[in-house]
């Protein structure tokens, strides 16, 4: 959870300094680390990003233990991260990065509420 919080802070700094691609990547990592924490709390562990995302949806979104929107946010963030990391320079705009950071904040708030560790 500390890694998620630090990743979110890094995303904010990167965006403030004009790096929306990298800010989006850090926002995704925030959401990903939190999804991993939820799964670990359920005794589940996975070795790659796609498996974590699929299990997070199956275990938490599908049975409505969390809002299904959060799983959708995680999937969209992964897609934008890929675009930002491997696409053209400045492939992500400031509005997109800002939205991803806001979604990462929602993830962190949920984690603090549900898991309570920081």
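Residue numbers (our numbering): 290 to 407. Note that beta-carbon positions come from the ideal geometry of N, C-alpha and C, so glycine has one too.
For residue j and residue i, the rounded distance between their alpha carbons
i: residue 313; j: residue 341; result: 19 Å
i: residue 352; j: residue 346; result: 9 Å
i: residue 339; j: residue 361; result: 13 Å
i: residue 376; j: residue 337; result: 21 Å
i: residue 303; j: residue 378; result: 15 Å
i: residue 383; j: residue 391; result: 12 Å
i: residue 306; j: residue 335; result: 34 Å
i: residue 328; j: residue 374; result: 26 Å
Contacting residues, own chain, Cβ-Cβ under 7 Å from residue i (five flanking each side not counted)
i: residue 393; result: 297, 300, 316, 319, 320
i: residue 330; result: 404
Short Cβ contact (7 Å threshold) for residue i with residue j
i: residue 359; j: residue 344; result: no
i: residue 309; j: residue 398; result: no
i: residue 324; j: residue 291; result: no
i: residue 293; j: residue 322; result: yes
Integer-rounded CB distance, given that residue j should sit under 8 Å from residue i
i: residue 372; j: residue 380; result: 5 Å
Alpha helix (DSSP H) segment containing residue i, residue limits
i: residue 400; result: 383-403
i: residue 328; result: 309-330
i: residue 357; result: 357-375
i: residue 351; result: No alpha helix (DSSP H) holds residue 351; DSSP gives it neither H nor E.
i: residue 303; result: 291-305
i: residue 345; result: 338-345
Residues of its chain near residue i, where Cβ-Cβ distance is below 6 Å and the 5 sequence neighbours each way are ignored
i: residue 355; result: 349
8 Å CB neighbourhood of residue i in its chain, flanking five on each side removed
i: residue 369; result: 313, 317, 381, 385, 389
i: residue 395; result: 359, 362
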